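2 protein chains.
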Amino acid sequence: MSEHLVAVLGRGVVPADEPVIHPDDLGFARGDGCFDSARLVCDESGARVVNLDEHLDRLAVSAARMEIDGPPREAWQALVDEALAQWHVPGEGTMKFVLTRGREWYPDHGSLALLTITQKKAATVRTSAGGGQVVRGLRAVTLSTGRPSDAFAEAPWLLGGVKTLSYVVNIAAAREARRRGADDAIFVTTDGYALDGPTSGLIVVSDGVMRTAPTGATGILASVTVDEIMAAARADGMQARGELVPVGELFTADGVWLVSSSRGPSPIVELDGTPLAVDPELTARVARMAGF
Amino acid sequence: MSEHLVAVLGRGVVPADEPVIHPDDLGFARGDGCFDSARLVCDESGARVVNLDEHLDRLAVSAARMEIDGPPREAWQALVDEALAQWHVPGEGTMKFVLTRGREWYPDHGSLALLTITQKKAATVRTSAGGGQVVRGLRAVTLSTGRPSDAFAEAPWLLGGVKTLSYVVNIAAAREARRRGADDAIFVTTDGYALDGPTSGLIVVSDGVMRTAPTGATGILASVTVDEIMAAARADGMQARGELVPVGELFTADGVWLVSSSRGPSPIVELDGTPLAVDPELTARVARMAGF
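If you read the protein sequences in the order shown, they are chains A and B.
Numbers in the working numbering are just positions in the first sequence, counted from 1, shifted up by 493.
Numbers in the working numbering are just positions in the second sequence, counted from 1, shifted up by 493.
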């Protein structure tokens, strides 16, 4: 069994098995809230959150787009410090921040802010022999979003780019991927572009150029780790840009990765049943760019 | 202040102000659950739920499509009975059923099922003088879903037709409507059809024919009250059918209504700033068809 920690703003660390959410909390009742997840590392020097500022920044952007009046940065930081001081499980974990609009029955009570820490679960991995080395990667399937790539332009009510608690389609897509014998999904648009995964960003390298789908009209979430990889690629002399990638180009790319803050970049070894190119050297380079 | 009641399966009625949900409940953490709402009427003969079986049927369909193993009907019925026995607030209310996939950290614990009762809030209404009578109705705006009308065909991961807890786009659409000075929204597709409202179904009467958008490929939710009105219309000798209605036809219709179980059919008196036809006799007839 894995370990957990729960801390609620205004209360601090609480027993992890205590119910802390009211049935009329709008985060529960309507998925009306936002969240963010960051990688946590705990070793002999203590526990720390990787890219904490970037994740709290992204949470603040989500809250602003939803017009939720969340706590100030210092309050989050104090809650994080209190939680880290009480977390002693060696190894990797995930810190998740949740902010809801608060209670339906008592709008005056304001927003609810809490964080959880969980031990990292071992990821499902596939191995692919390439160039004499073994690469651990994922089998993926493409799943349509039912929308064109510009569906979120001028439609702020669709909450594109906001990491909301209304996340069930992402979960259902991951379930559909497993049903098809795969490990994960890549969302594609009705006009034929690859966007991202249900819980991860997407990067594609073709002819030495790194691409990731742009935020904005696509509605995809900004990814802290994708941004980190793109910046490192540029520093490393590689061209790297936000640009829509036609689905067909995934099959001819030098490499395709799904990227999340907790598991880093995972190469896609098979897409819709077709093996993809996996270059072990390039994969190791991308992993280093993400700090893994 | 309005009154509330909360009942949790396995515990019965609990204090309405007690937190009963864990932070890792997937309904909270991922919007991974479903719900349904029904009209409640309380008078000297006691409290009762209108169309209870139909709402529990719809909840069961939502759960099945999400592959959530919920409680049997008898368990819901017993919880409803216990809650109704303790509800003594005269007038109208709403009973809401919520079912989640359960806890992320303890998958073995199974699903969470609860219900709430809230007193009915007074709806925002506009009045429109028509034919010497005053009709209470709504001003609405059209908002795009970003999807064509067949986006949900063969895409079960998009959870079309499922009343999930991932409901935030509906809430954001209602907020956008208010921002534009309206009371409610009507979702429209990228190929130009009117679907439904964020928390209501849509019916349109033109040339004596009643139409509502079909479920299925459109992804819209089945509406218990729309079904009731359509059946009553047929029994009343009116043609009534599920059929996509082009947005432009709303402006030339004899009447357009947003329909919910708690507030019944509300005529749209203005759409995107243009007054719509409102026939007081037809509106009264539609209200009677819905049992209001």
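Just so you know, even glycine gets a beta-carbon here, dropped at the ideal spot from N, CA and C.
None of these values were measured; they are calculated from a predicted model.
With 16 other CB atoms within 10 Å as the buried threshold, where does K614/A fall?
If you number the first sequence from 1, residue 614/A lands on position 121. Exposed, by the Cβ-count rule.
As assigned by DSSP and simplified to three states, the class of D562/B
To locate residue 562/B, count along the second sequence from 1; it is residue 69. It is coil, neither helix nor strand.
Near-chain B residues of the stretch 644-666 of chain A - C-beta to any C-beta below 8 Å:
A644, F645, A648, P649, W650, L651, L652, T657, L658, S659, Y660, V661, V662, N663, I664, A665, A666
Can you tell me the Cα-Cα spacing of Q570/B and P516/A, whole angstroms?
Sequence index remark: in the second sequence, residue 570/B carries index 77 (1-based). Sequence index remark: in the first sequence, residue 516/A carries index 23 (1-based). Using only the alpha carbons, I get a separation of about 20 Å.
With which residues is E567/B paired in a DSSP beta bridge?
The count along the second sequence starts at 1 and reaches residue 567/B at position 74. Answer is none; E567/B lacks a bridge partner.
Hey, out of L498/A, I514/A, D525/A, whose CA is closest to A667/B's CA?
Working through the second sequence from its first residue, we reach residue 667/B at position 174. It is D525/A.
Going along the stretch 511-525 of chain A in order, which residues come within less than 9 Å of chain B, judged by CB to CB distance?
E511, P512, V513, I514, H515, P516, D517, D518, L519, G520, F521, A522, R523, G524, D525
Pair within 8 Å by beta-carbon distance, L498/B and A576/B
As a working mapping, residue 498/B is identified with position 5 in the second sequence. As a working mapping, residue 576/B is identified with position 83 in the second sequence. In this structure, A576/B lies closer than 8 Å to L498/B by Cβ.
Top-ranked residue by Cα proximity to I610/A, from R632/A, L631/A, V582/A, E597/A
Reading the first sequence from its first residue, position 117 is the one you call residue 610/A. Selected option, being the one with the closest Cα: V582/A.
At which residues does the beta strand (DSSP E) containing D677/A begin and terminate?
Counted from its first residue, the first sequence places residue 677/A at position 184. D677/A -> beta strand (DSSP E) spans 677-681.
Alpha carbon of I722/A to alpha carbon of R704/A, nearest angstrom:
Position 229 of the first sequence, counted from the first residue, corresponds to residue 722/A. Position 211 of the first sequence, counted from the first residue, corresponds to residue 704/A. Straight-line Cα distance between these residues: approximately 11 Å.
Could you list which residues in chain A have their beta carbon closer than 8 Å to that of T609/B, in chain order?
As a position in the second sequence, residue 609/B is number 116, starting the count at 1. Within 8 Å Cβ-Cβ: P516, D517.
Evaluate D700/A with the Cβ neighbour count: other Cβ atoms within 10 Å of its Cβ, from every protein chain shown; 16 or more gives buried, anything less gives exposed.
As a first step, residue 700/A must be located in the first sequence, where it is residue number 207. By the 10 Å Cβ count, D700/A comes out exposed.
Stretch pair the stretch 640-654 of chain B + the stretch 549-564 of chain B: three plus CB contacts closer than 8 Å
yes
Helix, strand or coil, according to DSSP, for V717/A in the structure here?
In the first sequence, the residue the question calls residue 717/A occupies position 224. Three-state DSSP puts V717/A in a helix.
Leaving out the 5 sequence neighbours to the left and right, which residues in its chain are closer than 6 Å to I713/B when beta-carbon positions are compared?
Taking the second sequence and counting its residues from 1, one reaches residue 713/B at position 220. Contacts found: L688, D689, A706.
List the residues of chain B that S637/A touches, going by C-beta distances under 7 Å, in chain order.
Position 144 of the first sequence, counting from 1, holds the residue named residue 637/A. What S637/A touches in chain B: A648.
Flag this pair as touching only if the stretch 598-609 of chain B and the stretch 641-649 of chain B have three or more C-beta atom pairs under 8 Å; answer yes or no.
no
Helix, strand or coil, according to DSSP, for R671/A in the structure here?
Taking the first sequence and counting its residues from 1, the one referred to as residue 671/A is at position 178. In this structure, R671/A counts as helix in the three-state DSSP scheme.
Count Cβ pairs between the stretch 737-750 of chain A and the stretch 501-520 of chain B that sit closer than 8 Å; are there 3 or more?
no
Of the listed residues V543/A, D574/A, V752/A, C527/A, nearest to D562/A (C-alpha basis):
By one-based count along the first sequence, residue 562/A stands at place 69. Out of V543/A, D574/A, V752/A, C527/A, C527/A has the C-alpha closest to the C-alpha of D562/A.
Would you identify the three-state DSSP class for L607/B, choosing helix, strand or coil?
For the purposes of this step, residue 607/B is identified with residue 114 of the second sequence, where counting begins at 1. In the structure shown, L607/B sits in a strand (DSSP, three-state: E or B).
Is it right to say Y599/B is buried, meaning 16 or more other beta carbons lie within 10 angstroms of its own, or is it exposed?
Within the second sequence, the letter at position 106 stands for residue 599/B. Flag for Y599/B reads exposed.
Using a Cβ-Cβ cut-off of 8 Å (strictly less than) and excluding sequence neighbours within five positions of F744/A, which residues of its own chain qualify?
Taking the first residue of the first sequence as 1, we reach residue 744/A at position 251. If we look at F744/A and ignore the five residues flanking it on each side, its Cβ neighbours are L764, T767, L769.
Could you name each continuous beta strand (DSSP E) segment of 3 residues or more that falls completely within the stretch 505-548 of chain B, going from the start of the chain to the end?
505-507, 526-536, 539-542
I'd like the list of long-range same chain contacts for R734/B, defined as Cβ closer than 7 Å, with 5 residues on each side in sequence excluded.
The sequence position of residue 734/B within the second sequence is 241, counting from 1. So the list reads R704, once near-sequence residues are dropped.
Proximity test, Cβ basis, 8 Å: E669/B and chain A:
Taking the first residue of the second sequence as position 1, residue 669/B is located at position 176. Taking Cβ atoms only, chain A reaches closer than 8 Å to E669/B, which makes this a yes.
Three or more C-beta pairs below 8 Å linking the stretch 670-688 of chain B and the stretch 630-638 of chain B
yes
Flag R640/B as yes if its beta-carbon sits less than 8 Å from any beta-carbon of chain A, otherwise no.
Numbered from 1 along the second sequence, position 147 holds the residue referred to as residue 640/B. Cβ-Cβ to chain A under 8 Å: yes for R640/B.
Verify whether the separation of the beta carbon atoms of L775/B and D747/B is less than 8 Å.
Sequence index remark: in the second sequence, residue 775/B carries index 282 (1-based). Sequence index remark: in the second sequence, residue 747/B carries index 254 (1-based). In contact: L775/B and D747/B (Cβ atoms closer than 8 Å).
Let me know if R551/B comes out buried or exposed under the rule of 16 or more other beta-carbons within 10 Å of its beta-carbon.
On the second sequence, residue 551/B is found 58 positions in, with the first residue counted as 1. Per the 10 Å Cβ criterion, buried.
V499/A: contacting residues in chain B (beta-carbon distance under 9 Å)
Reading the first sequence from its first residue, position 6 is the one you call residue 499/A. Those within 9 Å of V499/A in chain B are H515, P516, D517.
Would a check of beta-carbon distances place W598/B closer than 8 Å to chain A?
Within the second sequence, residue 598/B is the residue found at index 105, counting from 1. Answer yes: the Cβ-Cβ gap between W598/B and chain A drops below 8 Å somewhere.
What whole-angstrom Cβ distance do V752/B and I696/B have, given they're in contact under 8 Å?
By 1-based counting over the second sequence, the position of residue 752/B is 259. By 1-based counting over the second sequence, the position of residue 696/B is 203. Indeed they touch by this definition, with Cβ atoms about 6 Å apart.
Roughly how many angstroms separate the alpha carbons of E511/A and A710/A, rounded to a whole number?
Position 18 of the first sequence, counted from the first residue, corresponds to residue 511/A. Position 217 of the first sequence, counted from the first residue, corresponds to residue 710/A. So the two alpha carbons sit approximately 40 Å from each other.
Taking the beta strand (DSSP E) that M703/B falls in, what are its first and last residues?
Locating residue 703/B in the second sequence gives position 210, where the first residue counts as 1. Start and end: 702-705.
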